[in-house]
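S.K.: Just dropping this structure here.
Residue numbers (our numbering), protein chains in the order written: chain A, 13 to 474; chain B, 13 to 474.
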């Protein structure tokens with residue numbers, strides 16, 4: 013706890029305890045756990061953690077906090093990567109993990125309604141016998157509420173979109189405790205300002221998401237996954253670029269550089285060549301998948317790609333993609349004791365090869381270990397910079413590398429974060445990225461949260 | 013001009029004339045033309061029309077108006093359908109039709125940058141030799157700025173999305189004259205609040221769009237269009253529902269009821285059966301299109317659909333879709349002298365058949381002529397209610413029918429407008445649709461346009 017802020021008043025603790033009983037925790041261990049995510053950012057624990065079980069309870073907690081101008085920080089699985097959950101001004105953390113019900117599966121409309129604590133894997137488990145699936149898949153088994161908050165993405169985004177594309181509607185408790193619904197369940201609407209997209213990616217700074225209506229998709233008739241290695245990074249990236257430019261409806265096209273492949277081989281017990289590699293997946297009809305494969309095989313061959321190693325059985329595919337999802341954990345294993353500074357940028361695909369190759373040069377020059385991995389079909393890639401959070405030199409070198417990568421991406425008409433979000437780690441880049449538009453973001457924040465109590469100190473400073 | 017507001021001051025006219033010369037018009041005919049759209053809403057002319065040619069000129073006009081709290085109303089082709097351009101408090105209309113340049117075609121990134129006065133057809137004409145096309149196609153040859161403003165949609169939305177899905181970034185002149193850019197050209201970003209989607213569909217009430225970055229798509233290898241008639245509306249709608257639920261990636265699936273088919277036959281010189289009819293288009297590889305056709309033919313047959321009449325030559329397809337796009341004009345021809353009250357709703361597709369059939373009963377009971385036509389793959393359909401704007405009884409019956417249709421759609425978790433927007437015509441339904449969320453929209457409007465000068469009196473009352 014910092015000196016600048018007062019701890020919670022006894023009256024607030026009494027009110028919240030009266031409401032939640034032992035679901036209000038003041039224990040140091042629980043608070044510590046809720047002040048950290050999976051990143052290198054230093055933990056900043058909240059003053060209390062409220063384990064809520066309903067929208068009504070969220071309303072009560074927010075109203076109690078709002079009356080006293082005490083910060084409110086929503087919390088799901090704590091798997092964000094930019095310090096999103098750090099309680100920089102203390103306050104009450106609202107842990108939504110017990111709000112974990114799938115409320116409706118509208119199979120005929122290809123949508124579902126869930127509470128925010130449902131994780132992406134739990135949703136797919138729930139959908140198992142319906143012939144439907146939910147595609148958005150960040151590495152972690154994140155909560156869907158958290159994925160809404162960070163505008164999460166993943167390996168399927170190139171075909172199925174990000175959270176910005178699959179959220180149909182949200183129920184949100186806003187800063188004064190009102191409960192609003194951002195849209196109806198219709199597939200499209202022109203009825204007023206688009207509040208749904210405003211809340212997706214707002215990182216808890218405008219309200220607490222308490223219910224989510226999501227698009228789901230039919231499991232395709234045919235699914236084929238493959239791995240293909242390249243002699244150089246250039247070839248791998250250019251094969252991706254041509255695949256996208258040709259409009260192949262590929263479901264997944266993921267790049268892992270040789271450093272990352274080495275890490276994945278060790279962590280996940282694989283034996284792929286330690287070379288720049290693409291993980292691919294094709295969805296469609298039997299005939300459609302064959303067509304896509306023929307096109308992409310030819311493009312990869314043209315860039316020096318080796319033969320495709322196929323995973324046709326579902327269990328092999330699961331193993332392959334679990335290895336991809338575990339890439340960040342695998343990276344950490346390369347240098348035990350370090351924490352990952354996981355950073356991501358996204359550029360127009362015509363600039364992707366140049367951006368990745370220049371970044372690779374910077375990594376070599378820095379002396380840091382920093383695997384490259386990316387959802388390159390979207391122009392999006394990550395570095396996992398391995399740093400000792402207590403070593404200022406490590407942190408300084410990593411920040412310098414990150415700064416150069418971000419500024420390079422911005423110069424290429426790209427963005428400082430494709431999917432991880434702003435949190436604490438990317439705030440200082442928003443002026444360079446948005447210019448005058450940052451003033452509008454600030455005006456919106458002030459309008460919807462005049463006392464700055466909703467996850468304060470993130471995205472914009474007010 | 014109404015009595016409640018003062019006309020423009022001489023100083024403002026002098027300032028704008030100094031800036032624009034004879035591109036500032038005060039003529040009654042020009043003002044009249046700029047106060048009307050294609051709907052039944054009574055024209056409400058602005059006090060002056062500024063024919064701008066650059067972002068800088070838009071800035072100068074907005075600043076001049078803002079300094080005097082004079083309303084600013086952006087204007088493209090004037091083809092909106094809910095009174096969006098009516099100058100309800102007078103002011104200066106900013107006509108952007110001379111800002112009609114395609115600024116960049118980034119073929120490798122599948123995007124283009126255009127000025128707001130470029131029409132959808134002009135853009136496709138410009139793209140003719142690139143192998144690319146822009147899919148969003150409201151009936152009119154609207155300006156892209158206007159299509160951003162109304163969150164327009166059209167026949168291809170079921171496959172390629174609406175304006176909400178294809179706008180990557182906007183340059184906007186906001187209420188105080190600042191120029192902002194809502195996003196970079198990257199395909200995705202998690203860098204702060206989603207201003208792009210906030211401006212798409214904001215109907216000029218938050219700013220004047222001066223530049224648009226849009227996704228474009230590769231022209232598919234194979235395109236096939238077909239027309240199929242059904243003995244009843246029920247069968248046609250259920251064939252659509254099953255097509256969508258099966259996940260067929262159909263590019264267009266449009267419903268026209270027998271009244272609309274009669275109108276189209278007459279207006280466009282066609283001779284299709286006067287029955288409920290689907291207009292279909294399939295995009296993909298040769299093999300992919302064949303698969304889609306086989307699936308959809310079987311579904312249609314199962315609901316009593318007749319044989320498919322194919323349009324394989326590009327010129328036949330153009331004729332077919334021009335007829336569809338002219339549906340509203342065709343409808344007007346059914347009762348010369350009337351104006352169309354074109355209204356639209358959108359519901360979850362599982363409720364679409366019920367919603368359309370109940371609406372059809374209401375039409376019969378009303379005695380009005382009102383063809384049904386719709387982008388039914390999205391759950392979206394329109395009535396074109398033919399009314400004499402000067403006959404209060406006509407207007408009253410049409411409003412009653414519209415009210416019932418909207419409230420029915422809302423009861424089915426649908427929206428009061430799928431694509432036409434709010435304008436003047438749907439404002440009174442927003443409370444029923446959005447409840448408390450309307451308060452947030454109002455707060456956003458106040459924050460970004462504190463003096464209420466940007467197209468005032470639309471979407472929300474402040």
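Cβ coordinates follow ideal geometry from the N, Cα and C atoms, glycine included.
Only counting the same chain, and skipping five residues up and downstream in sequence, which positions put a Cβ closer than 6 Å to that of residue 442 of chain B?
M.R.: Along the second chain, one-based indexing puts residue 442 of chain B at 430. Within the same chain, residue 442 of chain B has close Cβ partners 450.
S.K.: Helix, strand or coil, according to DSSP, for residue 258 of chain A in the structure here?
M.R.: Sequence index remark: in the first chain, residue 258 of chain A carries index 246 (1-based). In this structure, residue 258 of chain A counts as coil in the three-state DSSP scheme.
S.K.: May I ask you to report which of helix, strand or coil DSSP gives residue 230 of chain A?
M.R.: Translated into the one-based positions of the first chain, residue 230 of chain A becomes position 218. Three-state result, residue 230 of chain A: strand.
S.K.: Please name the residues in the stretch 353–364 of chain B whose beta-carbon is closer than 7 Å to at least one beta-carbon of chain A, in chain order.
M.R.: 358, 359, 360, 361, 362
S.K.: Interface residues of chain B around residue 11 of chain A at Cβ under 9 Å?
M.R.: What is shown of chain A runs 13 to 474, which leaves residue 11 of chain A out entirely.
S.K.: Using DSSP with H/G/I as helix, E/B as strand and the rest coil, what is residue 321 of chain A?
M.R.: Counting from 1 along the first chain, the entry for residue 321 of chain A is found at position 309. Strand, per DSSP.
S.K.: Who are residue 352 of chain A's beta bridge partners in DSSP?
M.R.: Residue numbering aside, residue 352 of chain A sits at position 340 when the first chain is read from its first letter. DSSP lists A:398 as partners of residue 352 of chain A.
S.K.: With a threshold of 7 Å on Cβ separation, who are the neighbours of residue 341 of chain B within its own chain once the five nearest residues in sequence on each side are excluded?
M.R.: The count along the second chain starts at 1 and reaches residue 341 of chain B at position 329. The answer, listed in chain order, is 279.
S.K.: Mind the definition here: the stretch 77–91 of chain A touches the stretch 149–160 of chain A only if three or more C-beta pairs lie below 8 Å; say whether that holds.
M.R.: yes
S.K.: At 7 Å on the CB atoms, spell out the chain B contacts of residue 279 of chain A, in chain order.
M.R.: Start at 1 with the first residue of the first chain, and residue 279 of chain A comes out as number 267. Per Cβ cutoff of 7 Å: no residues; residue 279 of chain A is ~26 Å from chain B at best.
S.K.: Of all Cβ atoms in chain B, is any one closer than 8 Å to the Cβ of residue 453 of chain A?
M.R.: In the first chain, residue 453 of chain A corresponds to position 441, counting from 1. Cβ-Cβ to chain B under 8 Å: yes for residue 453 of chain A.
S.K.: Closest Cβ-Cβ distance between residue 68 of chain A and chain C: below 8 Å?
M.R.: No chain C is part of this structure, whose protein chains are labelled A and B.
S.K.: If I'm right that residue 253 of chain A touches residue 169 of chain A with Cβ under 8 Å, what's the distance once you round it to whole angstroms?
M.R.: Here residue 253 of chain A corresponds to residue number 241 of the first chain, with the count starting at 1. Here residue 169 of chain A corresponds to residue number 157 of the first chain, with the count starting at 1. Actually they do not touch by this definition, with Cβ atoms about 16 Å apart.
S.K.: According to DSSP, simplified to helix, strand and coil, what is residue 53 of chain A?
M.R.: Residue mapping note: residue 53 of chain A aligns to position 41 of the first chain, counting from 1. It is coil, neither helix nor strand.
S.K.: Contact defined as beta carbons within less than 8 Å: I believe residue 72 of chain B pairs with residue 36 of chain B. What is the distance between those atoms, to the nearest angstrom?
M.R.: Within the second chain, residue 72 of chain B is the residue found at index 60, counting from 1. Within the second chain, residue 36 of chain B is the residue found at index 24, counting from 1. Rounded, the Cβ-Cβ distance is 11 Å, inconsistent with contact.
S.K.: Quick one: Cα of residue 143 of chain B to Cα of residue 349 of chain A, how far?
M.R.: For the purposes of this step, residue 143 of chain B is taken as residue 131 along the second chain, with counting starting at 1. For the purposes of this step, residue 349 of chain A is taken as residue 337 along the first chain, with counting starting at 1. Answer to the nearest angstrom: the Cα atoms are 52 Å apart.
S.K.: Look up residue 86 of chain A in the DSSP assignment and say whether it is helix, strand or coil.
M.R.: Within the first chain, residue 86 of chain A is the residue found at index 74, counting from 1. If DSSP states are grouped into helix, strand and coil, residue 86 of chain A belongs with the strands.
S.K.: Assign residue 334 of chain B to buried or exposed, taking buried as 16 or more other Cβ atoms, counted over all protein chains shown, within 10 Å of its Cβ.
M.R.: Position 322 of the second chain, counting from 1, holds the residue named residue 334 of chain B. Residue 334 of chain B is exposed by the Cβ-count criterion.
S.K.: Tell me where the beta strand (DSSP E) around residue 428 of chain A begins and ends.
M.R.: Counting from 1 along the first chain, the entry for residue 428 of chain A is found at position 416. Per DSSP, residue 428 of chain A belongs to no beta strand (DSSP E) and is neither H nor E.
S.K.: Taking buried to mean at least 16 other C-beta atoms within 10 Å of its own C-beta, is residue 19 of chain A buried or exposed?
M.R.: Walking along the first chain from the start, residue 19 of chain A turns up at place 7. Burial call: exposed.
S.K.: Just list the alpha helix (DSSP H) runs in the stretch 122–165 of chain A, keeping only unbroken ones of 4 residues or longer that don't cross its boundaries, in chain order.
M.R.: 132–138, 156–162
S.K.: I need the DSSP call for residue 102 of chain A, collapsed to helix, strand or coil.
M.R.: Along the first chain, one-based indexing puts residue 102 of chain A at 90. Here residue 102 of chain A sits in strand by DSSP.
S.K.: Closer than 9 Å, Cβ to any Cβ of chain B: which residues of the stretch 127–149 of chain A, in chain order?
M.R.: For chain B, none of the residues of the stretch 127–149 of chain A brings a beta carbon within less than 9 Å of one of its beta carbons.
S.K.: Hey, quick one: how far does the alpha helix (DSSP H) through residue 46 of chain B stretch, first residue to last?
M.R.: Here residue 46 of chain B refers to the residue found at position 34 of the second chain. Counting along the chain, residue 46 of chain B falls outside any alpha helix (DSSP H), and DSSP gives it neither H nor E.
S.K.: Who are the Cβ neighbours of residue 80 of chain B in its own chain at under 7 Å, not counting the five residues just before and after it?
M.R.: Numbered from 1 along the second chain, position 68 holds the residue referred to as residue 80 of chain B. The residues are 21, 24.
S.K.: For residue 152 of chain A, which residues in chain B fall below 9 Å Cβ to Cβ?
M.R.: The count along the first chain starts at 1 and reaches residue 152 of chain A at position 140. Those do not exist, as residue 152 of chain A stays about 15 Å from chain B at its closest Cβ, beyond 9 Å.
S.K.: Buried or exposed for residue 402 of chain A, please, with buried defined as at least 16 other CB atoms from any protein chain shown within 10 angstroms of its CB.
M.R.: For the purposes of this step, residue 402 of chain A is identified with residue 390 of the first chain, where counting begins at 1. Around the C-beta of residue 402 of chain A, fewer than 16 other C-beta atoms lie within 10 Å, and the residue is accordingly described as exposed.
S.K.: Let me make sure I understand the geometry here. Which of B:217, B:216, B:200 has the alpha-carbon closest to that of residue 209 of chain A?
M.R.: As a working mapping, residue 209 of chain A is identified with position 197 in the first chain. When only C-alpha atoms are compared, the closest one is B:200.
S.K.: Express the C-alpha separation of residue 432 of chain A and residue 164 of chain A in angstroms, rounding to a whole number.
M.R.: The count along the first chain starts at 1 and reaches residue 164 of chain A at position 152. The count along the first chain starts at 1 and reaches residue 432 of chain A at position 420. So the two alpha carbons sit approximately 7 Å from each other.
S.K.: With 8 Å set as the bound, which would you pick, yes or no: does the beta-carbon of residue 201 of chain A sit closer than that to a beta-carbon of chain B?
M.R.: Here residue 201 of chain A refers to the residue found at position 189 of the first chain. Closer than 8 Å to some Cβ of chain B, the Cβ of residue 201 of chain A qualifies, so yes.
S.K.: Do we get a CB-CB distance below 8 Å when we pair residue 234 of chain A with the residues of chain B?
M.R.: For this step, residue 234 of chain A is matched to residue 222 along the first chain. When Cβ-Cβ separations below 8 Å define contact, residue 234 of chain A makes no contact with chain B.
S.K.: Can you give me the C-alpha to C-alpha distance between residue 15 of chain B and residue 218 of chain B, rounded to a whole angstrom?
M.R.: Counting from one through the second chain, the residue named residue 15 of chain B turns up at place 3. Counting from one through the second chain, the residue named residue 218 of chain B turns up at place 206. Note that residue 15 of chain B has pLDDT 41, beneath the 50 cutoff, so the model's placement of it is unreliable and no number is given.
S.K.: Check the C-beta distance from residue 187 of chain B over to residue 465 of chain B and give it rounded, since I have them as a contact under 8 Å.
M.R.: Here the question's residue 187 of chain B lines up with position 175 in the second chain. Here the question's residue 465 of chain B lines up with position 453 in the second chain. Indeed they touch by this definition, with Cβ atoms about 6 Å apart.
S.K.: Taking only beta-carbon positions, decide if residue 63 of chain B is within less than 8 Å of chain A.
M.R.: The residue labelled residue 63 of chain B in the question sits at position 51 within the second chain. Not closer than 8 Å to any Cβ of chain A, the Cβ of residue 63 of chain B fails to qualify, so no.
S.K.: Report yes or no: do the stretch 351–363 of chain A and the stretch 421–441 of chain A share at least 3 C-beta pairs separated by less than 8 Å?
M.R.: yes
S.K.: List, from N- to C-terminal side, the alpha helix (DSSP H) runs of 4 residues or more that fit wholly inside the stretch 334–388 of chain B.
M.R.: 339–344, 364–378
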